[in-house]
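Note sheet for the following structure.
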Amino acid sequence: MKGIAMVARARPAMAASRLLTSSRAAVGAVRHGSSAAPAGDLKKTPLYDFHVANGGKMVPFADYHMPVQYSNLSLADSHHFTRNHASIFDVSHMVQHIFKGPNAAAFLERITPSSWATQGHMQSKLTTFLWPGTGGIVDDTVITRLGEDEYYVVTNGACLEKDTKYIDEQLGQFGGGVEWTRLDNSGLFALQGPQAAEILEQVLDKDSNVELKSLYFGNAVWAQLKLADGSKTHPVLISRGGYTGEDGFEISFNGKLYPAFETTTPVVETLLGVAGPERLQMSGLGARDSLRLEAGMCLYGHDLDDTITPVEAGLSWIIPKERRTPDAGFHGADVIVPQMTPRSKGGAGVAKRRVGLFVEGAPAREGATIEKDGEKIGNITSGVPSPTLGKNIAMGYIKDGQHKSGTEVDVVVRGRKRKGVVAKMPFIQTRYWKGDA
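So for the sequence shown, my numbering puts the first residue at 61; every next one is plus one.
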């Protein structure tokens, strides 16, 4: 992602609003427009009716009705189909935000360890919100710079209440010059798999002048899509990336500007129609979990939480060289930066590290303990049977010094010790589009 440049396409103007000098006022405006459901009620994404009508098996997830799988494919079949062809995943439960204003970059550089003032336009990268003092991870997020002073931020749906309170408090302490809008009632879906680009190419409106071969991993573009009835969509934001390890795209429908609940489903139906079932299928949370774990990607609340720092999580790479000083100005810098230097070299180091593992026998699930010579040295945070590899894979945290690939351990599964081996992640070869080899 780093170093990849792309000319930003012309984009639609965001909803007109004055630059609020009081960050509290901005947050108040966001809350007034919130679509948060009453206690006990599950929310519906723009694709809910489509899921139900087409065999989606719905389960509660992040306060939404979400499909765990579709009735025409098993979890393993859906997983394989994505790796070999392409699948659509509804991710409208994710929370979309806009931060804009002359101090937007400075604010983001306070709450994350990444650099934003120098970020290329229409380029995205993974980062984390951080707690002051501890450097613990509030949430992981992908941020795209849309313009000179405008950033598009996607956070986890399960962290909605926590993140809203966190951003509110942080804006209040920061001061003015930042306007925050949460894009409630919006749509977002992921098109993932080796045939994703050729399928999307078929519905791109030619007047958008988008060349997908030049849209590299970690870049975004505004475009309009052609629908089956010959009409065009409103402008949508297409970001190249995803959560499966495959090439793919995430397509955002801004519900603050457009009727996302009316426009998201026709696009999905059009994609399915032009691709045909031999190239494109719907998929759900079940396959998404096994795909992301094979790709070595974290799930917040399991592999990441408020007590874990980016260094412990193996995410030191999100901190650029120019910010690797204790006085860099981001939350927890005085804790995180010293952790980046091992104790053997005079730094603080870390006591534990995130690792991948292969586990024999029954699959290790979250909470299983990791032992070495009878001593507990860690725990599993995620684990599944890998459909691609045909063996059990897991992710977890292990005592520093025992984290090297090839280290043999015991993993206690249902009271029985199973042989485990520390493994490098990702478990599979990722296929992000970074240009012709």
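We treat Cβ as the ideally placed atom computed from N, Cα and C, and that holds for glycine.
Keep in mind the model is a prediction, meaning the values are calculated, not measured.
Using DSSP with H/G/I as helix, E/B as strand and the rest coil, what is residue 379?
coil
With a threshold of 16 other CB atoms inside 10 Å of the CB of residue 319, please say whether the residue is buried or exposed.
exposed
Consult DSSP for residue 429 and reduce its assignment to one of helix, strand or coil.
strand
By how many angstroms is the C-alpha of residue 486 removed from the C-alpha of residue 469?
19 Å
Just curious, the alpha helix (DSSP H) that residue 345 is in, first and last residue?
Start and end: 345-354.
Could you compute how far the alpha carbon of residue 134 sits from the alpha carbon of residue 114?
15 Å
Since residue 164 contacts residue 229 with CB under 8 Å, what's their CB separation in whole angstroms?
Rounded, the Cβ-Cβ distance is 17 Å, inconsistent with contact.
Looking at the unbroken alpha helix (DSSP H) that takes in residue 169, where does it start and where does it end?
164-171
Let me know the secondary structure DSSP gives residue 203 once reduced to three states.
Of the three classes helix, strand and coil, the one that applies to residue 203 here is strand, per DSSP.
Whole-Å CB distance - residue 355 paired with residue 308, under 8 Å assumed
That belief does not hold up - the Cβ atoms of residue 355 and residue 308 are roughly 11 Å apart, past 8 Å.
Use the C-beta contact count for residue 417: other C-beta atoms within 10 angstroms, 16 or more gives buried, fewer gives exposed.
buried
Counting along the chain, where does the beta strand (DSSP E) carrying residue 446 start and finish?
For residue 446, the enclosing beta strand (DSSP E) begins and ends at 435-446.
In three-state DSSP terms, what is residue 138?
helix
Residue 324 (DSSP reduced to helix, strand or coil):
helix
Considering Cα atoms alone, identify which of 225, 202, 208 and 206 is closest to residue 216.
For the residues 225, 202, 208 and 206, the minimum Cα distance to residue 216 belongs to 202.
Apart from the five residues on each side of it in sequence, which residues of its chain come closer than 6 Å, Cβ to Cβ, to residue 381?
none
Leaving out the 5 sequence neighbours to the left and right, which residues in its chain are closer than 8 Å to residue 262 when beta-carbon positions are compared?
Short of 8 Å from the beta carbon of residue 262, and not among the five residues preceding or following it, lie these beta carbons of its own chain, in chain order: 334 and 335.
If you draw a straight line from the alpha carbon of residue 251 to that of residue 395, how long is it in whole angstroms?
38 Å
Any idea what DSSP makes of residue 111, helix, strand or coil?
helix
Which two residues bound the contiguous alpha helix (DSSP H) that contains residue 226?
220-234
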